[in-house]
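Working notes, beginning with the structure itself.
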Amino acid sequence: MLVDSVKASDIALSLKTRTEYHPFPRACEREQWDKLPNEAKWFYKNAANALKNCDWPELKAVRYMDFVRNGDRSRYEHSYFLRRDMLYSLMMGECLTGSGDYLDDIANGVWTICEETSWVIPAHNNHLTGDAPNALPDFDAQPYIDLFAAETASLLGWVYYMLGDELDGVTPLIKRRIEFELDRRIFKPFLSDAYFPWSGLNGGFINNWNPWINSNLIAATLCVCADDAVRVAMIDKTARSLDCFIDSYKPDGGCDEGPSYFNEAGAALFDALEELYGATDGRVNIFGDEKIRNMGRYIMYMHIAGKRHVNFADASPDVDANCMLLMRYGKACGCGELIEYARGLQAAGSATPVYRINRYNIFRNIADVMMYSPSLVQGARTIEPLQHYLPGIEVLTARSAADTTKGLFLAAKGGHNGESHNHNDVGNYIIYVNGDAAICDAGVETYSRKTFSEERYTIWAMQSRYHNTAIINGCDQLPGIEYAASDVTCGEGDNPALNMDMAGAYPNEAGVQKYARTICLDRAANCVTVHDAVKASGGAISLELPVLCANEPELADGCITIAAGGQSLRLKYDGTKFTASVESIALTDAKLHSEWKRPALYRVLLRCNEKIASDEFELIYELA
């Protein structure tokens with residue numbers, strides 16, 4: 008799409024030089040910085056003041072080796088990311104004040120990061136060895152570009168752009184070192200014939216890595232690279248790579264990685280498109296394409312209430328929507344609904360803070376700071392779509408009434424078990440009451456070596472038996488694109504419903520020929536119904552239905568009550584066919600505990616009293 012829009016020859020003619028590129032005022036251009044709200048000045052000045060004459064965290068070899076030795080990625084990453092947060096804070100403090108007070112500390116930070124053997128984190132240090140990462144980065148190998156090598160390049164690029172003249176006053180070697188390291192670690196490797204699976208240019212599995220990395224490569228190139236031939240080659244190759252990402256999406260713009268990854272997927276694509284638009288005086292412009300519009304709207308359709316979003320796959324239940332970006336996205340694409348949605352969330356305080364310390368998406372961060380004004384949210388109203396179906400990822404969302412979080416919210420999915428950040432969850436659904444979780448999806452634990460390895464599906468939260476699916480003949484669903492829903496349809500009338508056959512998600516040992524599931528929001532009856540029709544392929548089979556509850560349920564014969572949103576949600580089932588039990592799942596993982604803000608989730612298990620050859624039954628979730 009990008010390559011079709013603008014050829015490499017056109018990029019060569021339209022691309023601004025390093026001197027001409029001017030997306031934001033530099034620190035020395037005081038007029039715009041000085042006009043920013045006092046709140047911004049206080050925030051970044053205080054953050055920078057706390058780091059004056061600071062010691063930079065150590066990055067020890069043994070901590071890098073943690074990942075190979077014991078699977079831990081947190082100890083090394085904490086210090087690695089802290090370094091970058093510190094440098095970003097100091098840069099913004101200098102930009103907001105123009106005082107010169109932080110230049111020595113910035114020089115220390117730049118030098119410290121440039122001295123790192125590798126910018127690739129331990130969990131991604133497998134580009135030379137395949138699935139088995141090296142314990143330490145190979146200092147003699149060509150540098151690899153992962154998510155955070157690209158982020159680091161972007162950060163150094165913005166320091167170079169914002170404070171180049173000021174750093175020359177400290178020593179010209181700071182800027183020269185940035186130029187040297189970006190050429191060595193980023194530009195030359197990317198323009199070589201090295202295999203970067205995330206690029207999509209040589210095959211490979213495409214996900215959020217593509218726009219996340221490319222948007223940062225573009226920023227680093229535009230801010231630092233003075234060689235026009237290299238600039239054009241970098242922008243041309245990133246554009247071709249971004250095309251691969253765009254092509255991987257269906258026309259509806261749905262992201263199978265879940266809303267948590269929107270900021271690094273659809274939003275990162277928009278970062279890249281904004282950068283390219285500005286760097287070519289609008290010559291690179293695909294904002295009018297309907298798929299691009301839909302990729303922005305996706306996050307709106309996945310919103311439940313407040314910070315809560317649909318959390319299928321590795322998504323978290325809480326997502327901070329970047330409303331400044333969404334307003335820019337809506338304006339660029341001519342989507343007024345997205346602008347109003349973003350204004351409403353910003354006004355309600357459910358958005359990413361405008362003033363923040365975040366080494367991610369620095370172009371976006373600076374754009375937010377320069378854009379924000381309290382007037383942007385004056386007169387904002389709540390926009391909540393009544394319902395929407397994304398056929399590309401087979402996800403339905405629906406609520407009791409439009410533009411309110413009161414009542415029931417339903418999300419249901421078909422899909423397959425080879426999605427990016429996959430959980431084995433074909434046929435899964437979640438139900439919220441007044442914006443509060445009742446029937447939930449646990450999400451994902453703190454990432455470790457196990458998370459992205461052959462052991463992934465030994466983690467309980469990845470398994471179908473801990474989603475609202477079915478356990479058939481003792482069998483869980485299996486991972487892989489071939490384990491999928493079939494005959495998926497969606498009715499989007501007054502009673503929106505997702506229909507599918509789940510049988511294909513299970514192995515042969517499950518002995519199931521057909522498992523038709525219909526998940527429906529019945530607005531008139533104020534309930535959600537889950538209707539299952541099961542047919543065995545041979546002899547009778549056993550069946551269990553797991554139901555994951557956010558709060559401890561009360562069990563009675565034929566009825567289970569779950570408190571949520573100041574009301575009770577009653578699950579009615581046939582007590583002559585099923586026996587209910589409940590287990591507590593302690594949230595010992597720090598990430599899950601923080602996200603759910605409770606000590607445990609609860610799994611109800613409805614066991615069919617007899618094996619079945621063919622049967623139909625219904626679960627009814629109604630508001631009390």
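In terms of my numbering, the sequence shown is residues 8 to 631. Backbone N, C-alpha and C define an ideal beta-carbon position, used for all residues, glycine too. Quick caveat, the model's predicted, so the values are computed rather than measured.
*What whole-angstrom Cβ distance do ILE242 and ILE18 have, given they're in contact under 8 Å?*
As a first step, residue 242 must be located in the sequence shown, where it is residue number 235. As a first step, residue 18 must be located in the sequence shown, where it is residue number 11. Contact flag correct, Cβ pair sits at about 5 Å.
_Residues near PHE88 by beta carbon distance below 7 Å, same chain, minus five either side_ = To locate residue 88, count along the sequence shown from 1; it is residue 81. ARG366, listed in sequence order.
_Using only the alpha-carbon positions, how far apart do GLY337 and VAL326 sit?_
Walking along the sequence shown from the start, residue 337 turns up at place 330. Walking along the sequence shown from the start, residue 326 turns up at place 319. When rounded, the distance between both Cα atoms is 19 Å.
*Alpha carbon to alpha carbon, what distance is there between GLY414 and CYS342?*
As a working note, residue 342 is residue 335 in the sequence shown. As a working note, residue 414 is residue 407 in the sequence shown. Going by the C-alpha atoms only, they are around 27 Å apart.
*Would PHE416 be called buried (16 or more neighbouring beta carbons within 10 Å of its own) or exposed?*
Locating residue 416 in the sequence shown gives position 409, counting from the first residue. With 16 or more other Cβ atoms within 10 Å, it is buried.
*Using alpha carbons as the reference points, say which of ALA543, LYS521, CYS230, GLU629 lies closest to GLN574.*
Counting from one through the sequence shown, the residue named residue 574 turns up at place 567. It is GLU629.
*Contact set for GLY261: own chain, Cβ-Cβ below 7 Å, skip 5 residues either direction*: The sequence position of residue 261 within the sequence shown is 254, counting from 1. Here the set comprises TYR305, LEU397, GLY399, ILE400, VAL402.
*Nearest-angstrom Cβ-Cβ length linking GLY216 and LEU154, presumed shorter than 8 Å*: For the purposes of this step, residue 216 is taken as the residue at position 209 of the sequence shown. For the purposes of this step, residue 154 is taken as the residue at position 147 of the sequence shown. Residue identity differs from the one stated: residue 216 is Trp in this sequence, not Gly. Going by Cβ atoms, the distance from TRP216 to LEU154 rounds to 6 Å, so yes, they are a contact pair.
_Measuring only the C-alpha atoms, how far is LYS314 from PRO324?_
The residue you call residue 314 lines up with position 307 of the sequence shown. The residue you call residue 324 lines up with position 317 of the sequence shown. So the two alpha carbons sit approximately 8 Å from each other.
*asked:* For ASN424, list the residues DSSP reports as bridge partners.
replied: Here the question's residue 424 lines up with position 417 in the sequence shown. GLY487, per the DSSP bridge assignment.
*Helix, strand or coil: which one does DSSP assign to ILE619?*
In the sequence shown, counting from the first residue as 1, residue 619 sits at position 612. In this structure, ILE619 counts as strand in the three-state DSSP scheme.
*Mind pulling the alpha helix (DSSP H) runs of 4 or more residues that sit fully within the stretch 262-350?*
273-286, 297-308, 330-340
*Starting from LEU562 and walking both ways along the beta strand (DSSP E), at which residues does that stretch end?*
By one-based count along the sequence shown, residue 562 stands at place 555. It spans 561-563 - the beta strand (DSSP E) in which LEU562 sits, taken as one unbroken run.
*asked:* Nearest by alpha-carbon distance to LEU555: which of GLY356, ASP448, ALA523 is it?
replied: Taking the sequence shown and counting its residues from 1, one reaches residue 555 at position 548. Minimum Cα distance to LEU555 is reached at ASP448.
*Could you give the distance in angstroms between the alpha-carbon of ASN45 and the alpha-carbon of ARG37?*
Within the sequence shown, numbered from 1, the residue matching residue 45 stands at position 38. Within the sequence shown, numbered from 1, the residue matching residue 37 stands at position 30. So the alpha carbons of these two residues sit roughly 14 Å apart.
*asked:* Which residues does DSSP list as the beta-bridge partners of PHE624?
replied: Position 617 of the sequence shown, counted from the start, is the residue given in the question as residue 624. Paired residue(s): ASP539.
*Return the CA-CA distance between HIS6 and ALA523, expressed in angstroms with no decimal places.*
The shown model of the chain, from 8 to 631, leaves out residue 6, and the question about it has no answer.
*Residue ranges of each beta strand (DSSP E) within the stretch 374-426, 3 or longer*: 394-397, 402-406, 415-420
*Can you give the beta carbon distance from GLY207 to CYS251, rounded, assuming they're within the 8 Å contact cut?*
Counted from its first residue, the sequence shown places residue 207 at position 200. Counted from its first residue, the sequence shown places residue 251 at position 244. At roughly 3 Å, the Cβ-Cβ gap stays under 8 Å, so GLY207 and CYS251 are in contact.
*With a CB to CB cut of under 6 Å and the five nearest residues on each side skipped, what residues in its chain are close to ASP294?*
Within the sequence shown, numbered from 1, the residue matching residue 294 stands at position 287. In the sequence on display, residue 294 carries Phe and not Asp. If we look at PHE294 and ignore the five residues flanking it on each side, its Cβ neighbours are ALA339, CYS340.
*Verify whether the separation of the beta carbon atoms of THR412 and ALA312 is less than 7 Å.*
Position 405 of the sequence shown, counting from 1, holds the residue named residue 412. Position 305 of the sequence shown, counting from 1, holds the residue named residue 312. For THR412 and ALA312, yes; Cβs fall inside 7 Å.
*Pick helix, strand or coil for ASP88, following the three-state DSSP scheme.*
For this step, residue 88 is matched to residue 81 along the sequence shown. Rather than Asp, the amino acid found at residue 88 in this sequence is Phe. Note: PHE88 maps to helix in three-state DSSP.
*To which residues does DSSP link GLY107 through a beta bridge?*
Here residue 107 refers to the residue found at position 100 of the sequence shown. Looking at the DSSP assignment, GLY107 forms no beta bridge with any residue, so it has no partner.
*Just mark THR159 as buried or exposed, buried being the case when its beta carbon has 16 or more other beta carbons within 10 Å.*
For the purposes of this step, residue 159 is taken as residue 152 along the sequence shown, with counting starting at 1. Flag for THR159 reads buried.
*How about ALA286 and LEU22: are their beta carbons less than 7 Å apart?*
Counting from 1 along the sequence shown, the entry for residue 286 is found at position 279. Counting from 1 along the sequence shown, the entry for residue 22 is found at position 15. Yes, the Cβ-Cβ distance between ALA286 and LEU22 is below 7 Å.
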